[in-house]
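Asks: The sequence shown runs contiguously to residue 458 in numbering that gives the first Met the number 0.
For each residue, glycine too, the CB sits at the ideal point set by N, CA and C.
All of these numbers come straight from a predicted model, not from anything done at the bench.
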Amino acid sequence: MDLLSQAITTVQSFLWDGLLILLLCGTGLFFTIRLKGIQLRRFGSGLREMFSGFSLKGEKAGKHGMSSFQAVTTAIAGQVGTGNLAGAATAILLGGPGAIFWMWFSAFLGMATIYAEALLAQKFRSTDKDGQAVGGPAYYIEKGLHCKWLARVFAVLLVLALGFMGNMVQSNSIAVAFETSLGVPTWVGGLVVALLAGVILLGGIGRIASFTEKVVPVMACLYIAGGLVVLVINWDQILPALGSIFRCAFQPSAAFGGVAGYTVLRAMKYGVARGLFSNEAGMGSTPHAHAVAKTDHPSKQGHLAIVSVFFDTFVVLTLTALVILTSGVLPGMITPEAQGIDVTQAAFSASFGSLGSVFIAICLLFFAFSTIISWYYYGETNVRYLFRSSKAVPVYKLLVVLFVFAGSLFQSAEVWALSDVFNGLMVIPNVIALLLLSPVVAAMCREDKPLKKRRRNRD
0 MDLLSQAITT
10 VQSFLWDGLL
20 ILLLCGTGLF
30 FTIRLKGIQL
40 RRFGSGLREM
50 FSGFSLKGEK
60 AGKHGMSSFQ
70 AVTTAIAGQV
80 GTGNLAGAAT
90 AILLGGPGAI
100 FWMWFSAFLG
110 MATIYAEALL
120 AQKFRSTDKD
130 GQAVGGPAYY
140 IEKGLHCKWL
150 ARVFAVLLVL
160 ALGFMGNMVQ
170 SNSIAVAFET
180 SLGVPTWVGG
190 LVVALLAGVI
200 LLGGIGRIAS
210 FTEKVVPVMA
220 CLYIAGGLVV
230 LVINWDQILP
240 ALGSIFRCAF
250 QPSAAFGGVA
260 GYTVLRAMKY
270 GVARGLFSNE
280 AGMGSTPHAH
290 AVAKTDHPSK
300 QGHLAIVSVF
310 FDTFVVLTLT
320 ALVILTSGVL
330 PGMITPEAQG
340 IDVTQAAFSA
350 SFGSLGSVFI
360 AICLLFFAFS
370 TIISWYYYGE
380 TNVRYLFRSS
390 KAVPVYKLLV
400 VLFVFAGSLF
410 QSAEVWALSD
420 VFNGLMVIPN
430 VIALLLLSPV
440 VAAMCREDKP
450 LKKRRRNRD
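Shown next as structure tokens:
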């Protein structure tokens with residue numbers, strides 16, 4: 000086990016100590032320039048389109064896809080998860096407050112990347128032999144680049160990264176949170192989550208879409224309300240917290256007297272790594288949801304994809320970071336044994352007392368559980384791609400449920416390391432495809448018109 004752990008750490012360091020930081024940020028910068036700041040130009044359109052389609056009970060999703068709003072809530076369900084609670088805290092623990100700045104930086108660039116992903120997913124969407132609408136990187140790699148072997152590599156990596164390893168991270172964080180707050184043994188928490196997931200997954204895409212369109216808005220409002228209450232209580236620490244984020248991004252030694260040995264590269268590494276795990280821009284996951292949206296133009300889904308990254312990082316993740324930094328609990332928790340979710344619970348408990356820990360456990364249950372459902376769906380799409388039918392889907396469902404339970408039995412650091420490795424490997428074929436297909440994205444972007452103009456043209 001020591002050799003395996005060492006190998007995982009070595010690969011993790013190789014990927015995240017520079018390679019993927021340059022690859023992801025470089026790709027985001029490339030699309031930001033080539034698409035003329037699309038994340039700024041179309042952000043307002045994305046907000047209008049999201050709220051105009053808002054519904055807690057939309058049309059039932061089926062083989063032919065789901066509504067635009069259901070697609071974006073499925074994408075957000077995958078984005079807003081453990082990374083926004085435990086991941087934000089872990090980034091601060093390992094990289095200092097400056098890591099949050101690099102999360103913002105990578106997310107801003109990632110908003111252009113995810114726009115490109117959504118457009119390509121819509122353009123190259125397909126229907127499998129069972130009549131099920133499908134799409135995602137494997138499909139635009141094969142149909143756009145005509146490179147089946149690379150598409151298959153991506154599909155296998157996604158199933159491993161999200162369906163299995165990623166869902167272990169989600170269940171692990173839920174189990175640890177409930178053990179900390181209520182004393183529930185981790186294996187019991189893992190078993191309950193696995194059984195609940197199994198019930199949702201048996202209902203197929205219809206139940207998944209119905210679940211996410213209801214749970215995502217409710218869970219987001221609940222968590223944002225709780226976080227804002229904490230910030231009101233600690234209002235006088237908000238400006239110092241923001242100052243530490245910007246200062247420590249470029250002068251890491253300013254954080255807590257430099258006792259943790261923070262460096263700029265360390266802040267960038269953990270900021271971008273946890274940022275990717277949170278907003279998933281460039282990772283190739285959310286295109287699976289955007290691909291099956293029923294929309295009048297691919298650009299509409301691209302606008303919604305931009306907003307999803309903004310909501311994930313600049314709203315939910317930033318709220319978590321500010322709660323932690325204004326609470327005053329962080330300096331005393333910088334130890335090798337500290338876990339991200341423990342820090343977040345301690346920060347809320349500083350204002351809410353013992354209820355703070357329970358509040359985070361409940362929020363994490365909703366956040367991480369909805370992510371499990373979304374990531375399962377992304378994996379199922381790639382299982383369908385690999386086997387060209389739904390025959391292997393029942394086996395995949397069973398394996399996901401088993402991995403969800405297994406996640407509660409491992410140490411948090413081990414699960415996060417495995418997830419980082421497979422997430423990093425998955426990025427590479429997706430980014431290659433995005434860059435090579437950028438002329439297609441640019442051509443589609445030139446057709447991109449805000450919602451009002453498209454309606455006027457139709458009239």
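With the cut-off set at 8 Å, would you say A150 and V291 are in Cβ contact?
Replies: Their beta carbons are not under 8 Å apart, which means A150 does not touch V291 by this criterion.
Asks: Taking only three categories from DSSP, how would you classify T319?
Replies: The answer is helix: DSSP assigns T319 an H, G or I state.
Asks: Please say whether M102 and T380 have beta carbons closer to each other than 8 Å?
Replies: Not closer than 8 Å, so no.
Asks: Buried or exposed for D447, please, with buried defined as at least 16 other CB atoms from any protein chain shown within 10 angstroms of its CB.
Replies: It is buried - the Cβ of D447 has at least 16 other Cβ atoms within 10 Å.
Asks: Grouping DSSP H, G and I as helix and E and B as strand, with all else coil, what is V192?
Replies: Looking at V192 - three-state DSSP - the assignment turns out to be helix.
Asks: Along the chain, where does the alpha helix (DSSP H) that runs through M164 open and close?
Replies: Here M164 belongs to no alpha helix (DSSP H), and DSSP marks it neither H nor E.
Asks: Kindly list the residues whose CB is nearer than 6 Å to the CB of R265, restricted to its own chain and excluding five residues on each side of it in sequence; keep chain order.
Replies: Only G94 meet the Cβ criterion.
Asks: Below 8 Å between beta carbons: does that hold for F366 and T81?
Replies: Taking 8 Å as the Cβ cut-off, F366 and T81 qualify as a contacting pair.
Asks: Between which residues of its own chain and A360 is the CB-CB distance below 6 Å, once the five residues before and five after are set aside?
Replies: For A360, where only same-chain residues beyond five positions count, the Cβ hits under 6 Å are A176, F177, S180.
Asks: If distances are taken between C-alpha atoms only, which option among S418, S373, A432, K299 comes closest to R40?
Replies: The candidate whose alpha carbon is nearest that of R40 is K299.
Asks: Excluding the five sequence neighbours on either side, which residues of its own chain have a C-beta within less than 6 Å of the C-beta of V439, listed in chain order?
Replies: Nothing listed; no residue qualifies.
Asks: Under a Cβ-count criterion, where at least 16 other Cβ atoms within 10 Å of its own Cβ denotes burial, should G43 be classed as buried or exposed?
Replies: Flag for G43 reads exposed.
Asks: Per DSSP, which one or two residues make a beta bridge with S125?
Replies: DSSP, once it has assigned bridges, lists V133 as partnering S125.
Asks: Mind checking which residues open and close the alpha helix (DSSP H) that includes D341?
Replies: First-last of the alpha helix (DSSP H) with D341: 339 to 351.
Asks: Between S12 and Y395, what straight-line distance do the alpha-carbon atoms span, to the nearest angstrom?
Replies: Distance between the alpha carbons of S12 and Y395: 30 Å.
Asks: Return helix, strand or coil for M102, following the three-state DSSP convention.
Replies: Helix, per DSSP.
Asks: Just how far apart, CA to CA, sit V342 and L397?
Replies: One C-alpha to the other measures close to 33 Å.
Asks: Is it buried or exposed for V217, if we count other Cβ within 10 angstroms and need 16 for buried?
Replies: With fewer than 16 other Cβ atoms within 10 Å, it is exposed.
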